[in-house]
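Residue numbers (the numbering used here): 1071 to 1376. We put the CB at the ideal spot given by N, CA and C, even for glycine. These notes concern the structure reproduced below.
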C-alpha cells in the first residue's frame, strides 16, 4: 500500500507546485530531462546487467514486444484512415502500447502471487517493457513528433538515446558476466530510486483535469485500449499457448495482469519530450493509474476462473 500512497502523494505535490506562481514553468521538461539522462541509464545498468538469459524467460519478455507493435499498427492505421493529427496518433501509440509493469505492477503482482509472481513481473518489465520504451517508443516518437526526420536521423535518435546506450552497455556487462557491486551499485540504486517520485511529480505538474479534457474521446480511446483491449490480446494468446496450471499458469496470470496495467510513466515522459500531446499523455497516466485498479480486478477474476 505504501507504493499506492506514494503515487497519490507525488501527483498531488505536482499539482500543488504548478499553482505556485514563482515556480518555473519549464520545470516538468527539466525534470523529464533529468530522468532521461540520469535515472533511466542508472536503471539499465542496475537491472539489465543482472537478468538471467534463458529460453524460459521468453514468453514473459514477449508481452511488451507483442503489445507495442500491435498498438502501432492499430492506431497508425485507424489514425491515417480517420485523418487524426500525427501528434495524437504518436501519443496513443507511445502511451497506449506500454504498461506500468514496474512501479505499479511489482507491488500488485507481489501482493497477489508472492515472490514467484514478482520474478515473472521483473522479466516482463526489464528485458520487455524497458527495452521497448528505450527503442521502439523512441522510433515512434521521432516519426510522429513535431520535427520531420529522415530515417538516418531517427536511427541516431535511438542509438544516442541515453537509456538505450546504457542498455547496450548493460547487455555487454551481462554477456561478459561482469557484476556491478559495492559503492557503484549503491550509487545506481540511489539514482534509480528517484524515478517514481520525480516522474509522478512531473506528471502532476502537467495534470490539468477539466471537463473539456475528460470529454476528449482520444483520451478514452487510449485508456480503453490500454486497460481492456491490450490485456485481452495476451489473455487469449497466452491462454492458448500455455497450460493454465503450475508454472505456466503463473506466467499466464502475471502476463495478463501486467498487460492490463496503466500506461507507463516513462512513456508519458517520452511523449512530453517529443511534444506528442503532453497534456493527454499526463492524463493517460494520471487517470489510468486509479482506473486500472478497477479494471485489474476484472482481469484477476478472469485469469483465476477461466
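Taken through DSSP and simplified to helix, strand or coil, residue 1169 comes out as strand. Ranking 1245, 1268 and 1152 by CA distance to the CA of residue 1110 puts 1268 first.
Distance from residue 1102 to residue 1343 at the Cβ level is roughly 6 Å; contact confirmed, criterion being Cβ atoms closer than 8 Å. When the beta-carbon positions are compared, residue 1236 and residue 1114 come within less than 8 Å of each other. If you ignore the 5 residues before and after residue 1185, its C-beta comes within less than 8 Å of no other C-beta in its own chain. Straight across, the Cα-Cα distance linking residue 1225 with residue 1234 is about 12 Å.
Distance from residue 1174 to residue 1350 at the Cβ level is roughly 19 Å; contact not present, criterion being Cβ atoms closer than 8 Å. Residue 1277 places its beta carbon less than 8 Å from that of residue 1085. In the three-state DSSP reduction, residue 1094 falls in the coil class, being neither helix nor strand.
A direct Cα-Cα distance of roughly 15 Å separates residue 1363 from residue 1334.
The DSSP assignment places 1221-1229, 1232-1245 and 1252-1262 as complete runs of the alpha helix (DSSP H) inside the region 1211-1274, in order along the chain (cut-off: 4 residues). Under the three-pair Cβ rule at 8 Å, the region 1152-1165 counts as touching the region 1276-1296.
If you check the CB distance, residue 1138 and residue 1167 come in under 8 Å. Just so you know, the alpha carbons of residue 1284 and residue 1274 end up roughly 16 Å apart. For residue 1317, the enclosing alpha helix (DSSP H) has its first and last residue at 1316-1329. If you draw a straight line from the Cα of residue 1187 to the Cα of residue 1320, it is about 7 Å long. In the same chain as residue 1142, and ignoring 5 residues on each side of it, the C-beta atoms closer than 7 Å to its own belong to 1163, 1167 and 1210, in chain order.
At least 8 Å separates the beta-carbon of residue 1305 from that of residue 1361.
Counting only residues of its own chain and dropping the five nearest sequence neighbours on each side, residue 1339 has a CB closer than 8 Å to the CB of 1102, 1105, 1106, 1269 and 1272.
The C-beta distance from residue 1165 to residue 1354 rounds to 4 Å, short enough to fall under 8 Å.
Taking C-beta separations shorter than 7 Å and ignoring five residues to either side along the sequence, the partners of residue 1365 in its chain run 1297, 1298 and 1330, following chain order. Boundaries of the alpha helix (DSSP H) around residue 1348: 1348-1375. DSSP places residue 1283 inside the alpha helix (DSSP H), whose first and last residues are 1281-1284.
The residue among 1375, 1244, 1200 and 1260 with its C-alpha nearest the C-alpha of residue 1231 is 1200. Rounded to whole angstroms, residue 1370 and residue 1140 show a C-alpha spacing of 23 Å.
With distances taken between CA atoms, residue 1346 lies nearest to 1157 out of 1157, 1212 and 1146.
Counting only residues of its own chain and dropping the five nearest sequence neighbours on each side, residue 1337 has a CB closer than 7 Å to the CB of 1164, 1165, 1168, 1203 and 1207.
Scanning its chain for C-beta atoms nearer than 7 Å, with the 5 sequence neighbours on each side dropped, one finds around residue 1348 the residues 1276, 1341 and 1342, in chain order.
Burial state of residue 1359 is buried, judged by a 10 Å Cβ sphere holding 16 or more other Cβ atoms. Between the alpha carbons of residue 1315 and residue 1309 lies a gap of roughly 11 Å.
Per the coordinates, the alpha-carbon of residue 1194 lies some 29 Å from the alpha-carbon of residue 1100.
Residue 1333 is bridged by DSSP to 1169. With respect to residue 1191, residue 1303 sits apart: the two C-beta atoms are not nearer than 8 Å.
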